[in-house]
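J.:
Numbering (my numbering), first residue to last: 341 to 673.
Take a look at the structure:
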């Protein structure tokens, strides 16, 4: 399992890095032709047959991403998939937020962040954030391949999140990743299939200790709580949590990866991921856009301002348990 901790700060000079280019723009520069999968020839051969099937299913996914987000804040996350010889099956690159951050230190997240005005699109935003956070190459790299995009998600705090899925074809690239100490505490991974089954397939001693601060739940691998969502709490949002070797995989991060796993394995997750009164994300985004036009997000006129300033909301009372769980918009990524 990957476990990279900060050692140095990356030097960020984005102007010196070429913009992301399609493979066709690299003709004549040593890039091989694509095969029928849409990947450069020979790339899929590096993966096991099971992983190849997952990759092909993800490639076949066509997302509708031209959704009106109104004045809602948008973000992008990068789902980096890879397979190693030691551990068969696709794995997902994850990070933990630096413990020095004011807002929800230590939470597990996908590389990503808010889309800046200077970003070409959500794809570029996700790649830029991944470069800044862990040093994943921003320009063209022969071992990094775009696979697909997913439909946008809406966080509990009305942040519209666009996931992009990439494939790392050479695990050696992982060894070059370095956490930015100002943003990232550690780099680690989980099996993608874990997001489908909620059953840890490997050595349980690698997981955070049950009953510890990192997993304070009685459940073995999966825990959930339903919280009020949208205007006046008319709807619900399910906070799914999966146990990892670090802090729980939860919120939007778990939502995104459950969806990726369902597409890749073409099988519904065994996780009861939605609350009884939870809206589909597309409908939730449409409703949040209408709420934002009226100055209402989460039923409170000032909650949008809180989100844009990255200040956490007050603690929300959780249904179905005595605990109170504070959830901020950025950690929800």
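Backbone N, C-alpha and C fix where the C-beta goes; we use that ideal spot for every residue, glycine too.
1. Are there 16 or more other CB atoms within 10 angstroms of the CB of residue 406, so buried, or fewer, so exposed?
2. On the DSSP bridge assignment, give the partners of residue 564 in chain order.
3. Would residue 627 and residue 579 qualify as a contact pair, given that the criterion is a beta-carbon distance under 8 Å?
4. Within 10 angstroms of the Cβ of residue 425, are there 16 or more other Cβ atoms? Answer buried if so, exposed if not.
5. What number of angstroms, rounded off, separates the C-alpha of residue 507 from the C-alpha of residue 486?
6. What number of angstroms, rounded off, separates the C-alpha of residue 529 from the C-alpha of residue 598?
7. Which one of 457, 467, 555, 604 has the shortest CA to CA distance from residue 504?
8. Return the CA-CA distance between residue 439 and residue 565, expressed in angstroms with no decimal places.
9. Tell me the DSSP bridge mates of residue 489?
10. Under 8 Å: do the segment 536-552 and the segment 445-461 share three or more Cβ pairs, one atom per stretch?
11. Taking Cβ to Cβ, would you say residue 682 is nearer than 8 Å to residue 609?
12. Tell me the DSSP secondary structure of residue 418 in three-state form.
13. Just tell me which of 404, 544, 389, 392 has its CA closest to the CA of residue 622.
14. Could you round the C-beta distance between residue 607 and residue 448 to whole angstroms and report it? I think they count as a contact, below 8 Å.
15. In whole angstroms, give me the CA-to-CA distance for residue 472 and residue 462.
16. Grouping DSSP H, G and I as helix and E and B as strand, with all else coil, what is residue 468?
17. Give the C-beta separation of residue 517 and residue 527 to the nearest angstrom, bearing in mind that I take them to be a contact with Cβ-Cβ under 8 Å.
18. I need the DSSP call for residue 383, collapsed to helix, strand or coil.
19. What three-state label does DSSP hand residue 575 in the structure shown?
20. How many angstroms separate the CA atom of residue 616 from the CA atom of residue 524?
21. Checking contacts by CB at 8 Å: is residue 404 closer than that to chain C?
22. So what does DSSP say about residue 286, is it helix, strand or coil?
23. Please confirm whether any heavy atom of the ligand SAM lies closer than 7 Å to the CB of residue 458.
24. For residue 281, count neighbouring Cβ atoms within 10 angstroms of its own Cβ and tell me buried if that reaches 16, exposed if not.
25. Could you tell me whether the Cβ atoms of residue 493 and residue 592 are closer together than 8 Å?
T.: So, from the listed chains and residues:
1. Classification for residue 406: exposed.
2. Partner(s): 580.
3. Taking C-beta atoms as the reference points, residue 627 and residue 579 fail to come closer than 8 Å.
4. The residue in question, residue 425, is exposed, as its Cβ has fewer than 16 Cβ neighbours within 10 Å.
5. Going by the C-alpha atoms only, they are around 6 Å apart.
6. Cα to Cα, residue 529 sits roughly 15 Å from residue 598.
7. In terms of CA proximity to residue 504, 467 leads the group 457, 467, 555, 604.
8. It is roughly 24 Å from the alpha-carbon of residue 439 to the alpha-carbon of residue 565.
9. Beta-bridge pairing links residue 489 to 504.
10. With fewer than three CB-CB distances shorter than 8 Å, the segment 536-552 does not count as touching the segment 445-461.
11. Residue 682 lies beyond the stretch modelled for the chain, which goes from 341 to 673, so this question has no answer here.
12. Note: residue 418 maps to strand in three-state DSSP.
13. The residue from 404, 544, 389, 392 with its alpha-carbon nearest to that of residue 622 is 404.
14. Incorrect: roughly 24 Å between the Cβ atoms, too far for contact.
15. Answer to the nearest angstrom: the Cα atoms are 15 Å apart.
16. For residue 468, the three-state secondary structure derived from DSSP is helix.
17. Right, the Cβ-Cβ distance comes to about 6 Å (below 8 Å), so this counts as a contact.
18. In the structure shown, residue 383 sits in coil (DSSP, three-state: anything other than H, G, I, E or B).
19. Three-state DSSP puts residue 575 in a strand.
20. So the alpha carbons of these two residues sit roughly 35 Å apart.
21. No chain C appears in the structure shown, which is made up of a single protein chain.
22. Not covered by the structure: residue 286. The range shown for the chain is 341 to 673.
23. Here there are no bound small molecules, and the ligand SAM is not part of this structure.
24. With the chain represented from 341 up to 673, any question about residue 281 goes unanswered, as that position is not in the structure.
25. Cβ atoms of residue 493 and residue 592: closer than 8 Å.
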